[in-house]
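Presented below is the structure to which this report refers.
Protein chains: 2
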Amino acid sequence: MAFKVTPWEVSGKVDYEKLRREFGAELIDEKIKNKIEKNSGKLPLFLRRNFFYSHRDLELILKDYEEGKDFFLYTGRGPSGEMHIGHLTPLIFTKWLQEVFNVNLYIQITDDEKFLVKKKNLKEIEKYAEDNIRDIAALGFNPDKTFIFRDTEFIKNSYNLILKTSKLINFSSVKGVFGFTNQSNVGLIFFPSYQIIPTFFEKKRCLIPAAIDQDPYWRIQRDIAERLGYYKASVIHSKFFPSLTGITGKMSASKQETTIYLSDDKETVKKKIIKYAFSGGQSTIEEHRKKGGNPAIDVAFQWLNILFEEDDKKINRIREEYKKGEMLTGELKTILIEKINEFLEEHNKKKEKVEKIVEKLKYSGKLAREMWNKTIY
Amino acid sequence: MAFKVTPWEVSGKVDYEKLRREFGAELIDEKIKNKIEKNSGKLPLFLRRNFFYSHRDLELILKDYEEGKDFFLYTGRGPSGEMHIGHLTPLIFTKWLQEVFNVNLYIQITDDEKFLVKKKNLKEIEKYAEDNIRDIAALGFNPDKTFIFRDTEFIKNSYNLILKTSKLINFSSVKGVFGFTNQSNVGLIFFPSYQIIPTFFEKKRCLIPAAIDQDPYWRIQRDIAERLGYYKASVIHSKFFPSLTGITGKMSASKQETTIYLSDDKETVKKKIIKYAFSGGQSTIEEHRKKGGNPAIDVAFQWLNILFEEDDKKINRIREEYKKGEMLTGELKTILIEKINEFLEEHNKKKEKVEKIVEKLKYSGKLAREMWNKTIY
């Protein structure tokens with residue numbers, strides 16, 4: 001089946017292995033997992049269950065770390081709407097990386113890009129950006145080692161570096177990797193220069209945890225980094241968090257029924273999961289008891305596996321019982337509904353009290369202050 | 378003879394009438410000159426001698442003015458090096474317009490663009506930008522009605538408006554008007570969005586005095602302005618100030634012998650004019666006395682005509698005497714040398730004491746303060 005993956009469109013059933021090979025990235029194999037485990041202790045579920053599955057130069061990051069050299073983390077969020085469950089996966093993984101390796105982290109909020117691609121005005125995008133930042137801050141990043149910035153605000157300090165980067169990127173190269181055409185607007189054609197520059201915020205190696213659709217940016221970064229006197233970025237790629245309605249493509253924030261928003265209340269979560277979560281079960285209870293369900297295409301199972309069921313023994317038990325037909329779709333969905341509602345209750349409690357942390361992450365924490373106090377060349 | 382005119386290259390002998398017609402602009406004819414004269418008193422030499430010769434919608438500016446509606450002025454300077462005599466012409470004309478009509482003026486210093494097109498680093502461009510601003514300030518613009526800004530500094534306040542503009546410009550359209558190719562860097566492809574936005578600084582008509590090579594920017598502006606809720610820009614086009622070595626193309630700051638820098642001392646001015654100023658005279662005195670000179674191709678005569686000899690009677694006398702062979706090339710050059718040195722002595726005296734004025738024009742004058750205090754959407 002045909003599939004398409006760009007930073008602005010993911011469609012069809014993605015063949016992740018094919019995509020990785022096309023992009024020329026490496027598989028996160030047992031060898032590299034063992035290396036991470038040696039430095040970090042127990043691996044997080046994102047790696048144990050291969051949701052983050054591909055990388056570029058991750059071994060160089062680990063080598064630097066083992067030799068006592070520091071690196072830094074960079075990830076981002078495009079604030080085109082309210083955040084949903086799927087948006088959290090790279091952020092939660094990034095938080096784990098920051099805690100384990102105790103390194104600086106830059107989180108770019110690409111409000112400019114979202115304005116340029118969406119039929120929304122700047123004020124609307126700004127509102128989403130600030131709300132998204134509260135969601136991100138609620139995850140609990142180190143306030144002195146994390147800097148969250150909106151592109152439209154930080155342009156003041158970053159424009160010179162963006163210019164240097166943009167001077168080395170020509171239309172051919174963005175046309176090739178992003179599929180721009182003559183009809184693409186010149187703002188969007190320029191934008192990759194901005195998404196690249198956080199990798200130059202320090203003269204150290206940069207590790208980027210992000211979904212694999214963002215890889216075109218890093219390919220351009222790796223093409224020009226050394227000419228500017230910086231390291232080629234290291235990247236760790238995730239698959240896409242599956243849409244409620246089926247595991248093809250990535251979850252879209254623009255279709256209500258395909259997502260669970262972080263702001264959804266308990267009843268809404270329950271209704272959406274029951275009504276929309278694509279089931280790998282059989283159409284009648286009798287048939288299900290006899291033939292069993294298919295966890296590989298069951299969205300409720302996948303969500304538990306990727307994000308909500310940390311316990312390996314429990315997820316394996318659920319998989320087996322579901323396969324054998326001992327567990328019904330309704331039961332599986334009930335487990336997920338409880339997990340999500342528990343998570344969201346906790347999350348929104350934190351979000352309510354997050355203002356001071358937001359202020360630190362954006363302006364007054366140690367790293368944020370350092371960033372605002374310099375013009376970057 | 379073939380000629381080429383883009384914002385980055387002017388070559389060949391320019392046929393100004395053909396260029397104007399190709400661009401679809403209007404001639405500044407007697408009718409419109411009379412209208413200006415009615416409002417301004419005596420016309421400046423730039424208009425009397427047709428150095429500013431073409432326009433777009435200038436009659437709408439005059440109509441607004443006559444109906445008591447305000448307009449504003451916008452011009453700029455690309456700080457790729459030290460300023461020379463030729464760079465002053467649009468600025469001196471702009472100063473006259475500001476004085477006569479008592480309107481706000483924005484002067485954009487496109488340090489970003491010059492970095493993107495030249496083999497110079499940002500620090501070098503910054504140095505030229507600040508020096509150029511001192512030269513401009515020495516011309517004596519109204520410090521409460523003039524705002525001079527460097528793109529890299531004002532980006533903080535202007536980025537949102539640039540984004541809005543860039544969203545309406547696609548690669549096709551900049552490719553068409555600027556001749557960009559797939560090899561053009563993405564910074565330069567984006568830049569027209571920035572050069573356009575000063576025309577949106579006020580919800581009034583904007584009049585741009587500039588050399589005709591800048592017209593592609595205004596064509597794009599006029600294409601999108603009304604969709605953003607602003608007026609189409611009015612433009613008044615100058616010819617190019619001729620190079621010392623001949624009247625083809627425009628004076629280039631990168632070739633020492635083709636220019637008189639504002640920083641050239643008296644001896645240098647004398648030497649350059651004597652050695653390099655292309656002469657329309659004959660090769661021997663005898664022949665010159667007999668056949669006379671050709672003021673139309675004589676650079677010394679043209680410089681006097683365009684900028685340095687304000688007195689119409691005097692310039693006509695010089696033309697006649699030169700044509701008849703009564704005035705020799707050496708005598709003509711001596712008149713010019715004296716005029717230039719007189720001008721430069723005065724200019725550099727003002728430039729030495731310009732710091733306070735620069736500070737007002739950039740930051741603390743009335744208009745400058747207003748601009749820094751708002752984020753423009």
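Sequence order for the protein chains is A and B.
Residue numbers for the first sequence follow the working numbering, beginning at 1 and rising by one.
Residue numbers for the second sequence follow the working numbering, beginning at 378 and rising by one.
We treat Cβ as the ideally placed atom computed from N, Cα and C, and that holds for glycine.
Is the distance from the Cβ of residue i to the Cβ of residue j below 9 angstroms?
| i | j | result |
| --- | --- | --- |
| S615 (chain B) | F448 (chain B) | no |
| T181 (chain A) | F548 (chain B) | yes |
| L168 (chain A) | N562 (chain B) | yes |
| I662 (chain B) | K649 (chain B) | no |
| G418 (chain B) | V477 (chain B) | yes |
| D213 (chain A) | V10 (chain A) | yes |
| I734 (chain B) | Q679 (chain B) | no |
| I107 (chain A) | T146 (chain A) | yes |
| S535 (chain B) | Y571 (chain B) | yes |
| G280 (chain A) | A296 (chain A) | yes |
| A138 (chain A) | H347 (chain A) | yes |
| H84 (chain A) | L336 (chain A) | no |
| R20 (chain A) | I306 (chain A) | no |
| E686 (chain B) | K716 (chain B) | yes |
| F93 (chain A) | F46 (chain A) | yes |
What three-state label does DSSP hand residue i in the structure shown?
| i | result |
| --- | --- |
| E26 (chain A) | strand |
| E386 (chain B) | strand |
| F141 (chain A) | coil |
| K63 (chain A) | helix |
| K739 (chain B) | helix |
| F93 (chain A) | helix |
| N185 (chain A) | strand |
| F154 (chain A) | helix |
| K700 (chain B) | helix |
| K35 (chain A) | helix |
| N671 (chain B) | coil |
| L684 (chain B) | helix |
| I376 (chain A) | coil |
| T576 (chain B) | helix |
| L545 (chain B) | coil |
| R666 (chain B) | helix |
| Q475 (chain B) | helix |
| K118 (chain A) | coil |
| R426 (chain B) | coil |
| K18 (chain A) | helix |
| I256 (chain A) | Per the sequence presented here, residue 256 (chain A) reads as Gln, with Ile not at that position. Helix. |
Which one or two residues does DSSP pair with residue i in a beta bridge?
| i | result |
| --- | --- |
| A610 (chain B) | According to DSSP, A610 (chain B) bridges with nothing at all. |
| Q485 (chain B) | B:G453 and B:F526 |
| G246 (chain A) | A:S243 |
| H461 (chain B) | B:Y638 |
| I208 (chain A) | A:V235 |
| K381 (chain B) | B:S388 |
Under the assumption that residue i contacts residue j (Cβ atoms under 8 angstroms), give the Cβ distance between them as a whole number of angstroms.
| i | j | result |
| --- | --- | --- |
| T645 (chain B) | E634 (chain B) | Actually they do not touch by this definition, with Cβ atoms about 11 angstroms apart. |
| Y377 (chain A) | N104 (chain A) | No, Y377 (chain A) and N104 (chain A) are not in contact; Cβ-Cβ is about 19 angstroms, not under 8 angstroms. |
| I778 (chain B) | L435 (chain B) | No information on residue 778 (chain B) is available, as it lies outside the stretch 378 to 754 that chain B covers here. |
| L361 (chain A) | I148 (chain A) | 4 angstroms |
| L465 (chain B) | S431 (chain B) | With 8 angstroms as the limit, L465 (chain B) and S431 (chain B) do not qualify as a contact, their Cβ atoms being about 20 angstroms apart. |
| Y322 (chain A) | G293 (chain A) | 5 angstroms |
| D111 (chain A) | I125 (chain A) | 5 angstroms |
| N39 (chain A) | L62 (chain A) | 7 angstroms |
| E459 (chain B) | Y505 (chain B) | 7 angstroms |
With respect to the beta strand (DSSP E) encompassing residue i, which residues constitute its N-terminal and C-terminal limits?
| i | result |
| --- | --- |
| Y430 (chain B) | F429 to R433 |
What are the start and end residues of the alpha helix (DSSP H) that includes residue i?
| i | result |
| --- | --- |
| A300 (chain A) | V299 to W303 |
| F555 (chain B) | F548 to F555 |
| D70 (chain A) | Segment: none, D70 (chain A) is in no alpha helix (DSSP H) and carries neither H nor E. |
| S193 (chain A) | P192 to I196 |
| G418 (chain B) | Neither: G418 (chain B) is in no alpha helix (DSSP H) and is coded neither H nor E. |
| G707 (chain B) | T706 to E729 |
| E644 (chain B) | K643 to Y653 |
| R222 (chain A) | D215 to I224 |
Kindly indicate if chain E contains any beta-carbon less than 9 angstroms away from that of residue i.
| i | result |
| --- | --- |
| V563 (chain B) | The structure shown contains no chain E; its protein chains are A and B. |
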